Structures are given as structure tokens and as C-alpha cells.
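Q: Here's a structure for you.
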Amino acid sequence: MNPVARPNPDNMLAPWHRPFCRWILLLTLACVAGVEQASAYPLTQAQRDRLTRYVPKALEKLERRQPIHVVVVGEGVSRMVTRDERSQDMLSSLHGHFLAGFEAEFYYTGGVRLVNPIGEHPSKNRSHKGEEITFEQFTEPEGTVLSALRQMSGRALLNPADLVLIHAGVNDSREGMLLETFGDALEKAATKALESGAEVIVVGPTLVHEPGAPTGWGATRAYAAEARQVADKLGVMFLDPAVDLARTRPIPDDGSPGERAGQISEAIALDLFDYGPGVKETVLMNPEAHRRAGRGMFQQFLNGLPESGWAVRGRGNLVRPRELEVDIEVSNPTERDKNGVLVALDIGSAWRSTIPAFDLNCAPGETKKFKILYRQRIVSGEGEHAAYAAWQFPDGKLDCPLLISDLYNTTLLDLAGTLGPVKVEWDFSPQQGRRGNFPLKFSLHNPGKEPVKGSYELACATQRARVNFELAPLQTKEFSNQCALPKDKDQWGAKNPVVLTVETPAGKFIEEREVEALRNQRLGETRPLAKAAELIDATGPLQSDGRISLMATVDADFLKVTLDLGTVELQTIPGKPSLLLELSLDGRPSGEGGSAGFVEPVQIGFSDGDGPGKVASISDAAFGEGYSKELSPRGVFAELKTGRDGRRKAEVSIPKIYLYRHDWKVDDPESRIGILTRVNFARRAPNGMSAYPAEARWMNAGAPLCREDASALPQLELSTGESNAWSVHLY
51 MNPVARPNPD NMLAPWHRPF CRWILLLTLA CVAGVEQASA YPLTQAQRDR
101 LTRYVPKALE KLERRQPIHV VVVGEGVSRM VTRDERSQDM LSSLHGHFLA
151 GFEAEFYYTG GVRLVNPIGE HPSKNRSHKG EEITFEQFTE PEGTVLSALR
201 QMSGRALLNP ADLVLIHAGV NDSREGMLLE TFGDALEKAA TKALESGAEV
251 IVVGPTLVHE PGAPTGWGAT RAYAAEARQV ADKLGVMFLD PAVDLARTRP
301 IPDDGSPGER AGQISEAIAL DLFDYGPGVK ETVLMNPEAH RRAGRGMFQQ
351 FLNGLPESGW AVRGRGNLVR PRELEVDIEV SNPTERDKNG VLVALDIGSA
401 WRSTIPAFDL NCAPGETKKF KILYRQRIVS GEGEHAAYAA WQFPDGKLDC
451 PLLISDLYNT TLLDLAGTLG PVKVEWDFSP QQGRRGNFPL KFSLHNPGKE
501 PVKGSYELAC ATQRARVNFE LAPLQTKEFS NQCALPKDKD QWGAKNPVVL
551 TVETPAGKFI EEREVEALRN QRLGETRPLA KAAELIDATG PLQSDGRISL
601 MATVDADFLK VTLDLGTVEL QTIPGKPSLL LELSLDGRPS GEGGSAGFVE
651 PVQIGFSDGD GPGKVASISD AAFGEGYSKE LSPRGVFAEL KTGRDGRRKA
701 EVSIPKIYLY RHDWKVDDPE SRIGILTRVN FARRAPNGMS AYPAEARWMN
751 AGAPLCREDA SALPQLELST GESNAWSVHL Y
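Heads up: take any position in the sequence shown, counting from 1, add 50, and you land on this note's numbering.
Here it is, written out as C-alpha cells:
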């Protein structure tokens, strides 16, 4: 049958009609496409369900293209601190690229506008009219999760936010913040945002590299696991930019596993930290890495964390002193063969695998088993005098980061396993007002299916206690051992290692901590300051050369702090203070002060000559929770003086009204103010640059793991009577 001839529509129109109709058709299609793009977003049902679960109010605004306001709080990586001219350009940061995804997906023609750009950087990338996505950044170059909590207690929510992004973990890991402190502060910050009516997204830390081994990419992963746990507890969204940052080009399947691990590490480092020849970086990502991270975050926002293509599980055993054995099972649930390499990343910065990588060849449905031995890293000294990196396994969990690279991809995984033969969980709660002695508290947990018998020995300074224990399957028991405080009235502080040795039939392992005890200072008492560099490794009574001392007094209007600097010579440093004083105060009232919380130091700079000091801007809520008023630095009086004997003194007066939450009960030893003083002397480095090195820094405490941690501050009693009360901190 011959096909039926169909008329050509073009032949039915006059020649002048034909181009006109084509234009009509094109315009109609363009209008339809525009309407569809503007009103029917390409969200799958799974994406819509996910966003409805976590950010329903924001989704409703996004779909209607209503103005939406986003607040970002946290650390310096969020701030786009880089090594090039785009440093601190928040629109080019991972969060700027993340919000650019909102702009494109939901058709915000006005784009993204930064309310508070830094320096000369722009507030918008394109000057288009239309509805905007606005965001404010309250990040800080050295910010931690405690900074985020402080920001949430300050001005971060002055403009009502629809979404709050909390990003922390990098500086927290570098400062050695306790995971317990990190999780508690993150939960409080997120809760404040939720209570304000905003919806919350918790953003895990980016990757940093610990030099010296291809396995040194695990430092932040325990903080990512803790952040994810907090997000799950609160029912808020969690994004993990490190997962996308770890993806790199396929590595050829040749060479030994160790050689391939080195190639993988070099490839990731090149992607994240390449700034050109001669620039070495391990923390601050380059702009291209920010772009990758932001785009990856937006895909996670829509779709959740990407499937790894692997299944892992495992169990760890602390069977010998400073050694951890981890049995890992890796399964290939896909329908294709996978040939590659398994890299055992460092656990925190404390545990490193003795063998960095293993061949991993898995058929579909196959499971491979590995036994990986980790050793605790030495941070200083050697032999009997070695100091080991401290680490905690929170709640007895084993968070073991892995990299698996095959011909298809490089995948970052976190093995959440169990730890045996028993798990140790320490009580890190700060102790205030202790007299005579203090308890060291911890729990032992049996994660197994069989009973465990054993003993432990707890050693602190010259005191030792040995106790037998028996744990039923899944049982937890609490233990407490009393330790004596120093009796010498002239001793103001002590630092001692706490060594817990646990023995079971399965083996013996050692848990090491450090305890710092500080005698409360009273009004009018002269307290010596010690060199920070010496305090870090101090053991036993805290010593001072007596060159610098601290005294505090109060009157009806001021808290007065006087620093006797002796005859120290101040160096002239162009553009920088010769003397930088950092004064951290916990001004919360009795019952709150000294507990977990945040502070931010007041910074005062002095030149090399006598005269007034320059007080920097006082951060929001610098004196702790509940301080919501804006405080002018003009109210703080600071002056450097030289006496007739040649001794120099720095005097600082903080107005009482600035500490308006404190009960201010003078002559009551239970009325206390937390006070940490850091005196930094500028020194010209050999390369001509100036700095404030640790050997030219004096402090009135040991080495608090985080300068923003209010619970780590020494205590000042608002009393002139003799004090025999101590504050005790376990690290």
C-alpha cells in the first residue's frame, strides 16, 4: 500500500507568512518553557519529600520565590579565608556557591545578595532585578563551634532568619576540643536557632591534612560524625562537604597499595590546596575547592548524602598499650567488579595505621576482611619520656575513617563500629570549689555478648588505686576515685597525667588524660603568670619565673586588672602592638559561671611607650551566655605605665555595668568571675615578619584546649579572705 501523501503546512501559507509563523511558534515555546521553569520546579518526589521533612517553611518560600534570608555562623573556612585575592569573598565561598544553587533551581532572578560583605568585596555577583536570596555571615577566622554558639546568642538572629547554617569542626579539631564539648555546643546553637523559628542545616567540617603520611586526612572526621549525630538527634538536615572534596580522579591500578595511597593523597591535596608554586597549605581551601564543596552541598541538600557503593562494618579492640586493632569487613553490594585500594585514615590526630593501605578487589556481593593495627602517635619526646596524642572515643564508639579508591571513584567512608574489650567513658564536667580532694569519674562498658572480668589501675601524680571489676553483657558501671589536691599554700596550680590501665583476659590497654587544678585567686592577691610554652608540657606544680604577675580588685564601678610586666623590653613593631593583652571573662552569675559555655577575649594593644591602650571591638556575648547588649570598647580603660623603679604595669578597668548579669557579691567567696589572661609580646621573626610566639606569651592557667571554653577559665573570688578552693579540669 502506498503511503498517503500529506500536505506540507509550509506550502499552504503564503511565502511572507512562513517566517512570521515560525517566529510565533518560537515565542510560544519560549513562553511555555519560561512558565514551566518558573512554576514547576524540577524536583523529584523524593527530593520534595526530603525538603518537606527538613525545611518545609523554606521550601514553601522557595517555591513561591518569596524573599528568603539565610544566616551562616561558624569557623574561618566558611569565611572563605584563602591564600589569594579572593580571601573573605563570601559569595565565592562554599556557602555562596551553595546558595547559588537555590538561585538557579528556584529561579530567583535577583540572585544572591550578601548583607554584610567583608572589606571591599561585592555584595552581589550580578546586578539583576527580581526576588533575592539574602544571607548574613557571622563567621570568624579562628572560629569554632563555641563561636557559633556565641554568635547565636548575639546579633546573628537580629534579622529573622529562614535558614541557619552552622559550620564547624576544622578549628575545633586543630585546638583539640573535646568531642563532648563540641557536641554540646553544637546542639545548643542549633536549638537557639530552632527556637527563633528558623530551620537549621548542620554542615560538617571540610578536609584538612596532617603532613607526614597519606593517611593524614582523618583529623576532622570524628567531629563530622559528632555533628551528624547532633543533627539526627534534633531532626535537622546534615550536609557533609568532605564527601565531595574527597572525590578525585581515578588512580591507575598499578604500584603497591602504599604507592597508590600516596597518589590519592597528592591528588586530593592538589585539588584542595593548590595555590601555585611555593605555597604550602593544608587547611585553607582554594576557590575551586570552595566551588566544588558548595555545589556538592546543594546536591546533598536535594538528594541526601551520596551512596558510597560500599558497605563497611567493624570492631576495634584495645589489646595492648597504645595499640588498637580494628577488624573491618568491606562488602561490594553492586553488580560490578571493583578493584582498588583501601586507605586507613588517621583516627583524629591521635591514631595512625602501621600499614597505610591494602589491595581491595571485590566481586559483586563479595565481602573482604582486614585487620588494621593503629598506634597512638607521639607528639613530643621519645621512649619513657614520650608524650602521646590524647583522644577520646565518645560514648565508647569507634569512628574509623576510610578512603576507598577504584577505577570509578574515590570514596570517603566513616566506619561506625564498636570498641572493646571494654569501653571507657570519662566524665569531663568541670569541678568548681573543690577543697582537699576531687573525684576522677569514668564508666566502663562491655559492648560484647559475653561477661568480662578484669581490673583497672588509676594513677594520678603519686596516687594509685587498683580495682577489680566484672561486667555483664552490655552492662555499664560507673567508677570514682578520689585524688588529693596540693596542700602547699604557696602552690597555685598543678598539672598531672591521669593514666588508666585496664586489664582483661583479652589484653591490656592504656587510656591517658591530663588533669589541671588551679587554686582560686582572691581580690588583691598577686598571682604569677607562667610561660605558655612551658605550661603546655608541664607536669606537677605549675612554675613561674616571677617576671609577670596578675592582680585583680573591684570597686563600686569597675573590675580592675593590673599586670606587672617587670622590666621587660617591648619591641617596636610597625603596624602591630608591641604588647597584646587578651582578657577572657566569664561574667555569668553564680550557678552558671564555670560550667560549659563560651567567652571571647577582649583584646587590648599597647605600643612600646607609656600611654593608653587601644581596645578592639568587643564581640557579641563576649562575657558568656545571656550577654545580648552591644558593648562599646570606649568604656574599657587601659593604660601602660612605668614606675620609678623601671617596672612597667598595664592597668585595665572593665565597667561593672558591662558585667550586668553577674551577682557581684563582694566578700562572698562563692561569687566568682572566670578570668583567663594571656600576655603576648611581639617579637620580630628571622624573616622580618612580626609575631606573638608561644615563648613570648604568659598565662595564668595551663593550656586550655580552647580559649573560648568558659569552663576552662581560672576562677577569681570576689573576696579578700584566704582561699583554699580549687577548680579542676580533666582534658
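Ideal Cβ placement from N, Cα and C applies to all residues, glycine included. Because the structure is a prediction, the values reported are computed rather than measured.
Just checking my contact of A400 with A437 at CB under 8 Å: how many whole Å lie between their CB atoms?
A: Against the sequence shown, residue 400 aligns to sequence position 350. Against the sequence shown, residue 437 aligns to sequence position 387. About 12 Å; that fails the 8 Å criterion.
Q: Find out if the Cβ-Cβ distance for the pair P414, N382 is shorter than 8 Å.
A: As a working note, residue 414 is residue 364 in the sequence shown. As a working note, residue 382 is residue 332 in the sequence shown. Yes.
Q: By the 10 Å Cβ neighbour count, where 16 or more other Cβ atoms means buried, how is P117 classified, buried or exposed?
A: For the purposes of this step, residue 117 is taken as residue 67 along the sequence shown, with counting starting at 1. The residue in question, P117, is exposed, as its Cβ has fewer than 16 Cβ neighbours within 10 Å.
Q: Distance, Cα to Cα, E316 vs Y677?
A: As a first step, residue 316 must be located in the sequence shown, where it is residue number 266. As a first step, residue 677 must be located in the sequence shown, where it is residue number 627. E316 and Y677: Cα-Cα distance of roughly 46 Å.
Q: Assuming P633 contacts T727 (C-beta within less than 8 Å), just tell me the rounded distance between them.
A: Looking up residue 633 in the sequence shown gives position 583. Looking up residue 727 in the sequence shown gives position 677. Looking at the sequence itself, residue 633 is Leu, so the reference to Pro does not match. Indeed they touch by this definition, with Cβ atoms about 6 Å apart.
Q: Look at the alpha carbon of A775 and the alpha carbon of L573, and state the distance between them as a whole number of angstroms.
A: Your numbering for residue 775 matches position 725 in the sequence shown. Your numbering for residue 573 matches position 523 in the sequence shown. If I take the Cα positions, the gap works out to 14 Å.
Q: Anyone know if the C-beta pair for L766 and A580 falls short of 8 Å?
A: The residue you call residue 766 lines up with position 716 of the sequence shown. The residue you call residue 580 lines up with position 530 of the sequence shown. No, these two residues do not count as a Cβ contact at 8 Å.
Q: Looking at the structure shown, is Q116 part of a helix, part of a strand, or coil, going by DSSP?
A: Against the sequence shown, residue 116 aligns to sequence position 66. DSSP places Q116 in coil when its eight states are reduced to three.
Q: Would you call the CB atoms of E182 and Y158 closer than 8 Å?
A: Locating residue 182 in the sequence shown gives position 132, where the first residue counts as 1. Locating residue 158 in the sequence shown gives position 108, where the first residue counts as 1. Yes, they are a contact pair.
Q: Spell out the partners DSSP gives T526 in its beta bridges.
A: Counting from 1 along the sequence shown, the entry for residue 526 is found at position 476. Bridge partners of T526: H495.
Q: According to DSSP, simplified to helix, strand and coil, what is S430?
A: For this step, residue 430 is matched to residue 380 along the sequence shown. S430: strand per DSSP, three-state reduction.
Q: What does a CB cutoff of less than 6 Å around Q653 pick up in its chain, not counting 5 residues either side in sequence?
A: As a first step, residue 653 must be located in the sequence shown, where it is residue number 603. E632, A666, listed in sequence order.
Q: Would DSSP call Y273 helix, strand or coil?
A: Numbered from 1 along the sequence shown, position 223 holds the residue referred to as residue 273. Three-state DSSP puts Y273 in a helix.
Q: Is the stretch 552–562 close to the stretch 491–509, with three or more CB pairs under 8 Å?
A: Touching, yes, given that three or more Cβ pairs across the two stretches are closer than 8 Å.
Q: Go through the stretch 206–246 residue by residue and report every complete run of the alpha helix (DSSP H) that reaches 4 residues or more, in order.
A: Correct list: 220–224, 229–245.
Q: Is the stretch 214–232 touching the stretch 270–277, taking contact as three or more C-beta pairs under 8 Å?
A: Yes: the two stretches touch, three or more of their Cβ pairs being nearer than 8 Å.
Q: Contact between the stretch 245–265 and the stretch 91–108: three or more CB pairs below 8 Å?
A: Yes: the two stretches touch, three or more of their Cβ pairs being nearer than 8 Å.
Q: Is DSSP giving G724 helix, strand or coil here?
A: Translated into the one-based positions of the sequence shown, residue 724 becomes position 674. G724 falls in the strand class under three-state DSSP.
Q: Three-state secondary structure (DSSP) at S399?
A: Along the sequence shown, read from residue 1 onward, the residue named residue 399 stands at position 349. Looking at S399 - three-state DSSP - the assignment turns out to be coil, as it is neither helix nor strand.
Q: G771 to G486, Cα distance in whole Å?
A: The sequence position of residue 771 within the sequence shown is 721, counting from 1. The sequence position of residue 486 within the sequence shown is 436, counting from 1. Taking the straight line from one Cα to the other gives about 18 Å.
Q: Label Q95 either buried or exposed according to how many other C-beta atoms from any shown protein chain fall within 10 Å of its C-beta, with 16 as the threshold for buried.
A: Within the sequence shown, the letter at position 45 stands for residue 95. Exposed is the call here.
Q: The beta strand (DSSP E) spanning R698 covers which residue range?
A: Here residue 698 is taken as the residue at index 648 of the sequence shown, counted from 1. Here the beta strand (DSSP E) through R698 covers 698–705.
Q: Kindly indicate the opening and closing residues of the beta strand (DSSP E) around D464.
A: Taking the sequence shown and counting its residues from 1, the one referred to as residue 464 is at position 414. From DSSP, the beta strand (DSSP E) with D464 extends over 460–470.
Q: Quick one: what's H779 bridged to in DSSP?
A: For the purposes of this step, residue 779 is taken as residue 729 along the sequence shown, with counting starting at 1. H779 is bridged to E566.
Q: Measure the C-alpha to C-alpha separation of P356 and N367 and round it to an integer number of angstroms.
A: Translated into the one-based positions of the sequence shown, residue 356 becomes position 306. Translated into the one-based positions of the sequence shown, residue 367 becomes position 317. Approximately 30 Å, taken between the alpha carbons.
Q: To the nearest angstrom, report how far apart N570 and P307 are at their CA atoms.
A: Here residue 570 corresponds to residue number 520 of the sequence shown, with the count starting at 1. Here residue 307 corresponds to residue number 257 of the sequence shown, with the count starting at 1. Straight-line Cα distance between these residues: approximately 55 Å.
Q: Let me confirm a value: S777 is counted as buried when at least 16 other C-beta atoms fall within 10 Å, else exposed. Which label applies?
A: The residue given as residue 777 occupies position 727 in the sequence shown. Buried.
Q: Quick one: give me the first and last residue of the beta strand (DSSP E) that L630 is part of.
A: Within the sequence shown, residue 630 is the residue found at index 580, counting from 1. Note, L630: beta strand (DSSP E), 629–636.
Q: Can you tell me which of A751, S773, D396 puts its alpha carbon nearest to the alpha carbon of P578?
A: Working through the sequence shown from its first residue, we reach residue 578 at position 528. Checking every option, the nearest Cα to that of P578 belongs to A751.
Q: Helix, strand or coil: how does DSSP classify P547 here?
A: In the sequence shown, counting from the first residue as 1, residue 547 sits at position 497. In this structure, P547 counts as strand in the three-state DSSP scheme.
Q: Less than 8 Å between the beta carbons of P264 and V429, yes or no?
A: The residue given as residue 264 occupies position 214 in the sequence shown. The residue given as residue 429 occupies position 379 in the sequence shown. Cβ distance not < 8 Å, so P264 and V429 don't count as in contact.
Q: Is it the case that the Cβ atoms of F656 and S682 are separated by a distance below 8 Å?
A: The sequence position of residue 656 within the sequence shown is 606, counting from 1. The sequence position of residue 682 within the sequence shown is 632, counting from 1. Their beta carbons are not under 8 Å apart, which means F656 does not touch S682 by this criterion.
Q: For D99 and F351, I'd like the C-alpha separation in whole angstroms.
A: Taking the sequence shown and counting its residues from 1, one reaches residue 99 at position 49. Taking the sequence shown and counting its residues from 1, one reaches residue 351 at position 301. If I take the Cα positions, the gap works out to 12 Å.
Q: Please state whether DSSP places A108 in a helix, a strand or coil.
A: Taking the first residue of the sequence shown as 1, we reach residue 108 at position 58. It is helical.
Q: Applying the 10 Å Cβ sphere with the 16-neighbour rule, what's the burial state of H178?
A: Here residue 178 corresponds to residue number 128 of the sequence shown, with the count starting at 1. Label assigned to H178: exposed.
Q: Counting Cβ pairs, one atom from each stretch, are 3 or more of them under 8 Å apart for the stretch 612–626 and the stretch 707–720?
A: These segments do not touch.
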